[in-house]
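For the record, in the sequence shown the residue sitting at position 89 is 242 according to this note's numbering, with numbers rising by one throughout.
Quick reminder that beta carbons are idealized off the backbone N, C-alpha and C, glycines included.
Report on one structure; see the data block that follows.
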Amino acid sequence: MAMTGRFEHIHDSAETLAAALAEELRLACEAAIARRGRAVLALAGGQTPLPLYRRLAAAPLPWSQVLLLPTDERCVPHDHPACNVRALGEAFAAAAGMRLASLTTEDGDPERSERAARDLLAGYPEPFDAVLLGMGGDAHVASLFPGAPQLVEALDPDGPADACRIDPQPLPAQAPYPRISLTAARLLRTRALYLAITGDKRDVLHRALASGAKNARPPVAAVLDAATAPVHVHWSP
Ligand SMILES: O=C1O[C@H](COP(=O)(O)O)[C@@H](O)[C@H](O)[C@H]1O
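Here it is in structure tokens:
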């Protein structure tokens, strides 16, 4: 984790954004596998990154040496359409042998899932090889929602927990579920941090980065500000 800094990459189209990020993540996997025999990536849920996941899945990597896990999960059963790990599994269908971990139990029960996620992450103490974040229109990243009662604890870059339950308030209309999210402390333990955003979200990001009191930063700003690894923001219209 030698280089730090924040870099903004502007793309002409969602396709070039997907191609660039798929290549970055492929290189991160290749380097990690060469270095220690496996790669561990934490990947955003939601719609924006799905095309880049499909591209990455087509790369000729030794997929059995790659572990993917979601940055956050909705507390729903694994066969539910809103389940991030289900969507990841589908997007990476071509990556034969790839290992996919879940932050939730099969039934999506929030309390059992929080315990299971913490147990899972205790098995991966090393820095992630890359974290890819998405962002909501309310400036949340992973499931670190502004206004959630657990937010202050979850954003603490020195906090002890790797994952925690988040209860967005109010529940977002599109995905009204409690969540399990990696904490900022765990997201930031990475060799590289990427943020993939499109359209108006660039304005949301810039407003968030320019905003307010140190202790009331929008989640995306709090996480990016605390990063010690290089941060690459990729945007397309
Ligand atoms: O709920 C979530 O939303 C964000 C953004 O999703 P998108 O569909 O607007 O790309 C996502 O990054 C996060 O992982 C997800 O759980």
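Could you check whether residue j and residue i sit closer than 8 Å to each other, using their CB atoms as the reference points?
{"i": "V193", "j": "F298", "result": "no"}
{"i": "A307", "j": "A269", "result": "no"}
{"i": "V386", "j": "A292", "result": "no"}
{"i": "E332", "j": "S296", "result": "Just to set this straight, residue 332 is Arg in the shown sequence, not Glu. The answer is yes: Cβ separation under 8 Å."}
{"i": "R344", "j": "P263", "result": "no"}
{"i": "L214", "j": "E183", "result": "yes"}
{"i": "A167", "j": "Y206", "result": "no"}
{"i": "G290", "j": "V357", "result": "yes"}
{"i": "L274", "j": "A316", "result": "yes"}
{"i": "L235", "j": "A349", "result": "Going by the sequence as given, residue 235 is Ala instead of Leu. Cβ distance not < 8 Å, so A235 and A349 don't count as in contact."}
{"i": "T224", "j": "A197", "result": "yes"}
{"i": "A314", "j": "R265", "result": "no"}
Under a three-way DSSP split, which group does residue i fall into?
{"i": "E176", "result": "helix"}
{"i": "S389", "result": "strand"}
{"i": "R332", "result": "strand"}
{"i": "D356", "result": "helix"}
{"i": "R263", "result": "Looking at the sequence provided, one finds Pro at residue 263 rather than Arg. Residue state, collapsed to three classes: helix."}
{"i": "D282", "result": "coil"}
{"i": "R339", "result": "helix"}
{"i": "R268", "result": "helix"}
{"i": "A326", "result": "coil"}
{"i": "Y206", "result": "helix"}
{"i": "A155", "result": "Reliability fails at A155, whose pLDDT of 43 lies under 50, so the model's placement of it is uncertain and the value that follows must be treated cautiously. A155: coil per DSSP, three-state reduction."}
{"i": "R252", "result": "strand"}
{"i": "D378", "result": "helix"}
{"i": "P299", "result": "coil"}
{"i": "T169", "result": "helix"}
{"i": "L304", "result": "helix"}
{"i": "V229", "result": "coil"}
{"i": "C182", "result": "helix"}
{"i": "L214", "result": "coil"}
{"i": "R189", "result": "helix"}
{"i": "P223", "result": "strand"}
{"i": "A363", "result": "helix"}
{"i": "A195", "result": "strand"}
{"i": "A369", "result": "helix"}
Leaving out five residues before and five after residue i in sequence, what residues of the same chain have Cβ atoms less than 7 Å from its Cβ?
{"i": "G190", "result": "Q218"}
{"i": "A155", "result": "Low local confidence applies: a pLDDT of 43 at A155 is under 50, so the model's placement there is unreliable, with the coordinate-based value given in what follows. Hits under 7 Å: none found."}
{"i": "W216", "result": "A248, A249, G250 and M251"}
{"i": "P371", "result": "A292, P299, A361 and S364"}
Quick test of your reading: residue i and residue j, contact by CB under 8 Å. State the CB separation rounded to the nearest angstrom.
{"i": "L256", "j": "E226", "result": "4 Å"}
{"i": "G276", "j": "G199", "result": "Not confirmed; about 26 Å, so no contact."}
{"i": "L203", "j": "L221", "result": "The Cβ separation is near 13 Å, so there is no contact."}
{"i": "L341", "j": "L178", "result": "Incorrect: roughly 18 Å between the Cβ atoms, too far for contact."}
{"i": "L170", "j": "S334", "result": "With a Cβ gap of about 24 Å, L170 and S334 do not count as contacting."}
{"i": "T201", "j": "T381", "result": "About 25 Å; that fails the 8 Å criterion."}
Quick one: what's got a C-beta closer than 8 Å to residue i's C-beta in the same chain, skipping five residues either side?
{"i": "P302", "result": "D320 and Q322"}
{"i": "A181", "result": "A192, L194, D282, A283, R344 and A345"}
So, for residue i: in the same chain, excluding its five sequence neighbours on each side, which residues have a beta-carbon less than 6 Å away from its beta-carbon?
{"i": "V384", "result": "R159, L346 and L377"}
{"i": "N368", "result": "none"}
{"i": "A401", "result": "The question about residue 401 has no answer, for the chain in this structure spans 154 to 390."}
**Asked** Among all residues, which have a Cβ less than 5 Å from at least one non-hydrogen atom of ligand 1, and in what chain order do they fall?
**Response** A197, G198, G199, Q200, T201, D225, G287 and G289
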